[in-house]
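Protein chains: 4
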Amino acid sequence: MASNSFGLHWRITTFGESHGPGIGVVIDGCPSGLAISIEEIQAELDRRRPGQSRLSSPRSEKDQVQILSGWFEGKTTGAPLTLFVPNEDSRPADYDYLKSAFRPSHADYTYDLKYGHRDHRGGGRSSARETVARVSSGAVAKKFLALQGIRIFSYVSKVGSISLPESLDNLDLSRIDDFAIRCPHEETAIAMEALIDEVRVQGDTLGGVISTVVKGVPVGLGEPVYEKLSARLGFAMMSINASKGFEMGSGFAGAEKKGSEENDRFITTEEGKIVTSTNHSGGIQGGISNGADILFKVAFKPVATLLQPQQSVNKEAAEVTITGKGRHDPCVLPRAVPIVEAMTAHVLMDFWAMSKANQLID
Amino acid sequence: MASNSFGLHWRITTFGESHGPGIGVVIDGCPSGLAISIEEIQAELDRRRPGQSRLSSPRSEKDQVQILSGWFEGKTTGAPLTLFVPNEDSRPADYDYLKSAFRPSHADYTYDLKYGHRDHRGGGRSSARETVARVSSGAVAKKFLALQGIRIFSYVSKVGSISLPESLDNLDLSRIDDFAIRCPHEETAIAMEALIDEVRVQGDTLGGVISTVVKGVPVGLGEPVYEKLSARLGFAMMSINASKGFEMGSGFAGAEKKGSEENDRFITTEEGKIVTSTNHSGGIQGGISNGADILFKVAFKPVATLLQPQQSVNKEAAEVTITGKGRHDPCVLPRAVPIVEAMTAHVLMDFWAMSKANQLID
Amino acid sequence: MASNSFGLHWRITTFGESHGPGIGVVIDGCPSGLAISIEEIQAELDRRRPGQSRLSSPRSEKDQVQILSGWFEGKTTGAPLTLFVPNEDSRPADYDYLKSAFRPSHADYTYDLKYGHRDHRGGGRSSARETVARVSSGAVAKKFLALQGIRIFSYVSKVGSISLPESLDNLDLSRIDDFAIRCPHEETAIAMEALIDEVRVQGDTLGGVISTVVKGVPVGLGEPVYEKLSARLGFAMMSINASKGFEMGSGFAGAEKKGSEENDRFITTEEGKIVTSTNHSGGIQGGISNGADILFKVAFKPVATLLQPQQSVNKEAAEVTITGKGRHDPCVLPRAVPIVEAMTAHVLMDFWAMSKANQLID
Amino acid sequence: MASNSFGLHWRITTFGESHGPGIGVVIDGCPSGLAISIEEIQAELDRRRPGQSRLSSPRSEKDQVQILSGWFEGKTTGAPLTLFVPNEDSRPADYDYLKSAFRPSHADYTYDLKYGHRDHRGGGRSSARETVARVSSGAVAKKFLALQGIRIFSYVSKVGSISLPESLDNLDLSRIDDFAIRCPHEETAIAMEALIDEVRVQGDTLGGVISTVVKGVPVGLGEPVYEKLSARLGFAMMSINASKGFEMGSGFAGAEKKGSEENDRFITTEEGKIVTSTNHSGGIQGGISNGADILFKVAFKPVATLLQPQQSVNKEAAEVTITGKGRHDPCVLPRAVPIVEAMTAHVLMDFWAMSKANQLID
């Protein structure tokens, strides 16, 4: 089954394993003439890379991107744009202890039963290393969207039980990368990082929530029935490794409100523009963007690999004790920020093209 | 843009407006030889129908399904199976007051700007009446899945601030339809219904949460990267009108846990079967079903149409006061239960076929 | 498998059997605001209808089209446009003699082995009656294209061994429908019709060739690799019942030429426009339209059902003699003309939308 | 627009330009556990490679294939299988004379108008070098199919006006590669090669026809309406560079016959198997394989690049004289043989998977 692609008009097809030659992506539907440099793509990959800080794994993967096709003299050509990141520093022996054991809450068991074999050297396609492909291609989408005035900001809004205060009014989105945890609120960021430090020494891990704000989206992206913008965003976010939940705007909290509290009232600005006075809808109504900021949250479970002993079973259904080896993040949230941004960009690019296809008569 | 289809192998294409001749669906990929009666399809439609109880709108739509193709002597033929439900009792005049006004948190505004016109007679394709097509075709999927031992149970677990107690241990899933609110726990159901009564007389509305349990799913449905079973379920649920959030298993709450608390430990049953001792994952690991019950929740916002005055604007950006007329539900949750079940069935049917396509060598 | 759709952006999904309630089509991706009347659609169906002349079957199917969705006050709404043609005058008993016999060169045998059963009452989905759906939806596509200045002309250029003279210079395309055979050259038309009369009385049948000229196609439709305009046209034409071959421009004859003879030389017109002095390419170079007339031919085999005895076998592999009963055309070519035009229109509509999706920056 | 993929279940996505780093292909939907060596893939590429004989271009491209993903210890893993062939020996300067001129019957003009620019260094995606990707991935498909007993034989049946005698009875398909021209009939092969030699010295080129026989296809591949096996084959063949026509079985010649001559009569073999006594249908009836050999032909126009002067125009619509430089084939037919085989294999693999998806209950 062809299931390694995402998108219809802007379609990424990704390939590669964590312990093969590398990870790559073909972008089909990339417009011609987009100026983008290798450095711009690399910058996004560097945000995803392990080893950026004490919060993440000390693996020193360089993740240097190469462009294999579709790019000439600094611009895209309209042909498939292929990005490839060779693997380095792979230590398959790190994973030998996993040859037959099923790690709890990993894809080991399901993968093994589905495919009749499993690449224990790092999870094959179920490895989060596949997100190298999502992020590198996402950098191209983000560049295109930025030229249309669309900017995507994701940040960590919760780690374990520590949350950002609800009000976003004082959030300075330009400061997201100023903190290793990628939460743009100093006090909260410090508390989150302290919690991670505490849990790491226990060999334990933490999950959390990433919030996203998209600014500058025009009215009209999304389709009214199955291809709702909110539905595609949910699809994209739930396809990210370890994601467990997705909510638009006020989400689950909004479900507790009355209609008279939750409805976003339309008002007219002094310039005569129709806007909403609140944004519980998260910028999407009836599946179609309404011009307000797009707001959504993604929940991530704690990293499943622990550096403390866990009971499990192996292929023979015998009990085993597993203690994670190798290099693993105690909290994947800061590295997931560019992944969430990338998947958001892929969805928006696809709808951007879709909206053009709809304009049959111009 | 072709955006009125859902699914790849089991693909539904839906058509029709709330105030045209009717609502229909073509199922392409329907297997040959499935025994299904009109009554079985009708039974699901009757669960979605308005006017079932005081909780829902008093419209007396009969929603009688017809089979237009793909069915012969009580069985499917393998050809496209087309179901059609003629519209009755439509009162377009009820909507005349909406010709130019934008109802808060409805698709009126976005639809109008996207299409340059709007069918004010009931929302065109943005109307929830489109779900007639999802539910009728879902009845066929449910029948097929039931024959494979897969049973889908959705129920209302929250209305406004009233929730089911967390533990599911004492839930009798066979009693879901015993209560108008479709919550299978008597005490909670009574409290929910009382709250809806209270809010209805205020001309206000309520949202809530629907929980789903799928039993009997074999190991191995779902693909490891973009076509994760959890991602497709998220896509499907977020495509339902008024849905605002989706979570698998422990979801947002699980994001607050440590890995040592959240991980589902593998154990071996006395029969030698590998299972998990907990099910925080909601039956899916690495995007692939693990044989445990599939568990997820969907948040729905309160109905946007209020029978109390609301301030809004019209096309000319002038202020208007809107008071909902016509027949509207104070809480859509009980009628959304068969819709959630139908969309679950569509996703599972699609992956069922996908898993066969994968078995290239048999 | 979902295989009853054609097209990506302009996508038709067809349903219905020859002996069920009727034949229908959902057009997804139909632009909003296209003015089209039921009469315009009916006019195309009337060209496909049996019983138009002595050349075709005397069945008096009225084939009256209904619009089930996506149309309001004479215009398309952008929602799925559904057309439905109820079946009339079906005489299933005509087909009883076929319950177990396999007609030579029909789909009986392959259909039976594929599906494990067969709707002998007229072929199920393998019946040419499915083309009612292609033609009715094609009328909408033709209307849209005509408004863009694109006109499609198909005509019968060969019946059995009788061909139109090669030169098209004196062909008056406005006269196609003046002759029952739909060949716009009086002398040839008369000869073709005489040949059909002669063969009909023998209980035999004839095949032939349909030629197509498309005028007004802009430069740039089609994609350079797999989605060549010529490839999609070939796909569309080979999907028509009884088609056996397809060729673009000079086709098989051009394969015999040297490059110096076959190449279409570019020249500049007095107005400074670049055109080709010949059109052996048939208006497509490298898969992309070049602004010249699009020219292609489709070969159709003779109708397989004969009104003379044929030897065959039945399900039990025993020998049987079959003599066609019911009402069958001795030559399907004139009725296939609107089908070829419709499929051409579907392909062009799809590429029209595709070319808009490509114009990401406007 | 995403248009660089072919197939639904077995889907190839190709990338790369003739003058960039290389040409590649991602196969999504490749089954797990297929044993295939680099040498087996290389062998097919070597058949496509230029410089094999005096009949083809003297470019000495080595076309050494690498496997970038989806392959471990000699077997496919079920993950996307990526093949990459680095470019060597590219001489962009060879193409400088083409910067502004439009070569007759090339994609130069259409490509330029479509994309607003053109990679004159060899045609970008319109270059036939893209077929490296088709052939390398086709080798994997052929290996899988061979294990199921399906064997594909393509050969040159016509060059210019020299054709194979019609009867295939004495054709020894095992000898196809014994002759540089890839026509397995010595006398005809010698005559074809002599004709090519004659035309080459004139700086001119030749087209021709490739015939294909597929043996061992089971009954039931193909779908009855749009996804006819014959339609997909037509689509695939018409997507090959320079192809101008496609015909199944008796094709255009069959269109001249009467039904009583053309129909393939069913008979029963001594073993009680139902077969046809003739195969004018080319092994496909109603779009579905009937178990007989699949037979079709593809017409190729003569190579457009001539090594003799041709009149043309440039971007400024001024007249120019072009004389082909660089290394070009006088007749592309022998090198197109593996391309036709590869595209045949891609279509059959896709339908093989599709037929499994149809078997929902096993």
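Read top to bottom, the protein sequences are chains A, B, C and D.
Be aware that the first sequence starts at 25, since it is given in the working numbering, and climbs by one per residue.
Be aware that the second sequence starts at 25, since it is given in the working numbering, and climbs by one per residue.
Be aware that the third sequence starts at 25, since it is given in the working numbering, and climbs by one per residue.
Be aware that the fourth sequence starts at 25, since it is given in the working numbering, and climbs by one per residue.
We treat Cβ as the ideally placed atom computed from N, Cα and C, and that holds for glycine.
Quantities reported herein were computed from a predicted structural model and do not represent experimental measurements.
1) Measure from the C-beta of F375 of chain C to each C-beta in chain B and report whether the shortest distance is under 8 Å.
2) Taking DSSP's pairing of strands, which residues face G232 of chain B in a bridge?
3) Could you give the C-beta distance for L197 of chain B and P208 of chain B, rounded to a whole number, given that I count them as a contact under 8 Å?
4) For the candidate residues D:D52, D:S77 and D:S379, whose alpha-carbon lies nearest to that of G246 of chain D?
5) What distance in whole Å lies between the Cβ atoms of P248 of chain C and G311 of chain C, which are believed to be in contact at a cut-off of 8 Å?
6) Tell me the residue span of the alpha helix (DSSP H) that contains D52 of chain D.
7) Let me know the secondary structure DSSP gives E271 of chain B once reduced to three states.
8) Identify the continuous beta strand (DSSP E) that holds K138 of chain A and give its terminal residues.
9) For the segment 124-142 of chain C and the segment 329-341 of chain C, state whether three or more C-beta atom pairs, one from each stretch, are separated by less than 8 Å.
10) Can you say whether A165 of chain A is buried or exposed, counting buried as having 16 or more other CB atoms within 10 angstroms of its CB?
11) Would S403 of chain C and L92 of chain C be called neighbours here (beta carbons separated by less than 8 Å)?
12) Do S267 of chain C and F324 of chain C count as a contact pair if the criterion is CB distance below 8 Å?
13) Curious, which full-length beta strand (DSSP E) runs of at least 3 residues does the segment 256-310 of chain C contain?
14) Pair every Cβ in the segment 361-370 of chain C with every Cβ in the segment 291-307 of chain C, then say whether three or more of these pairs are closer than 8 Å.
15) Determine the extent of the beta strand (DSSP E) in which G425 of chain D is found, giving its start and end residues.
16) What are the start and end residues of the beta strand (DSSP E) that includes L105 of chain D?
17) Can you tell which of D:R73, D:L169, D:G31 and D:W95 has its C-alpha closest to the C-alpha of E112 of chain D?
18) Note the first and the last residue of the continuous alpha helix (DSSP H) segment covering T212 of chain A.
19) Anything in chain C within Cβ reach of H33 of chain A, meaning under 7 Å, just list it in chain order.
20) Are the CB atoms of V356 of chain B and M261 of chain B within a distance shorter than 8 Å?
21) Output the boundary residues of the beta strand (DSSP E) element that contains R206 of chain D.
22) Select from A:F177, A:S56 and A:V180 the residue whose C-alpha is nearest the C-alpha of E97 of chain A.
23) Is the segment 185-204 of chain B in contact with the segment 292-303 of chain B, if contact means three or more CB pairs nearer than 8 Å?
24) Going by alpha carbons, who is nearest to G348 of chain C out of C:E154, C:N265, C:T229 and C:D87?
25) Suppose you measure from the CA of S181 of chain C to the CA of D221 of chain C; what does that come to, to the nearest Å?
26) Using a C-beta to C-beta distance shorter than 9 Å, which residues of chain A count as neighbours of T38 of chain B?
27) Are the beta-carbon atoms belonging to V238 of chain B and I298 of chain B less than 8 Å from one another?
28) Tell me where the alpha helix (DSSP H) around I36 of chain C begins and ends.
29) Which residues in the same chain have their Cβ closer than 6 Å to the Cβ of S151 of chain D, if we skip the five residues on either side of it in sequence?
30) Label D202 of chain C either buried or exposed according to how many other C-beta atoms from any shown protein chain fall within 10 Å of its C-beta, with 16 as the threshold for buried.
31) Against chain C, which members of the segment 98-111 of chain B pass a CB distance test of less than 7 Å?
32) Is DSSP giving S336 of chain B helix, strand or coil here?
33) Per DSSP, which residues does E343 of chain B bridge with? Please list them.
34) In the DSSP assignment, the beta strand (DSSP E) including A59 of chain B goes from what residue to what residue?
35) Output the distance between the C-alpha atoms of V371 of chain D and Q309 of chain D, rounded to the nearest integer angstrom.
Once the coordinates are examined:
1) no
2) B:V183 and B:F324
3) 6 Å
4) D:S379
5) With a Cβ gap of about 5 Å, G311 of chain C and P248 of chain C count as contacting.
6) Unbroken run through D52 of chain D is the beta strand (DSSP E), G46 to D52; no alpha helix (DSSP H).
7) strand
8) Run containing K138 of chain A: none in the beta strand (DSSP E); it sits in the alpha helix (DSSP H), D132 to Y139.
9) yes
10) buried
11) Residue 403 of chain C is absent from the structure shown; chain C starts at 25 and stops at 386.
12) One thing to note: F324 of chain C has its Cβ within 8 Å of the Cβ of S267 of chain C.
13) 267-272, 290-292 and 298-300
14) no
15) No information on residue 425 of chain D is available, as it lies outside the stretch 25 to 386 that chain D covers here.
16) Per DSSP, L105 of chain D belongs to the beta strand (DSSP E) from L105 to P110.
17) D:R73
18) E210 to V225
19) A381
20) no
21) Counting along the chain, R206 of chain D falls outside any beta strand (DSSP E), and DSSP gives it neither H nor E.
22) Distances from the alpha-carbon of E97 of chain A to those of A:F177, A:S56 and A:V180 put A:S56 closest.
23) no
24) C:T229
25) Between S181 of chain C and D221 of chain C, the C-alpha separation is close to 18 Å.
26) V249 and Y250
27) no
28) First-last for I36 of chain C: R35 to G40, but that is the beta strand (DSSP E), not the alpha helix (DSSP H).
29) Here the set comprises S42.
30) exposed
31) T101, G102, A103, P104 and T106
32) strand
33) For E343 of chain B, which the question treats as bridged, DSSP gives the partners B:V337.
34) S56 to A59
35) 17 Å
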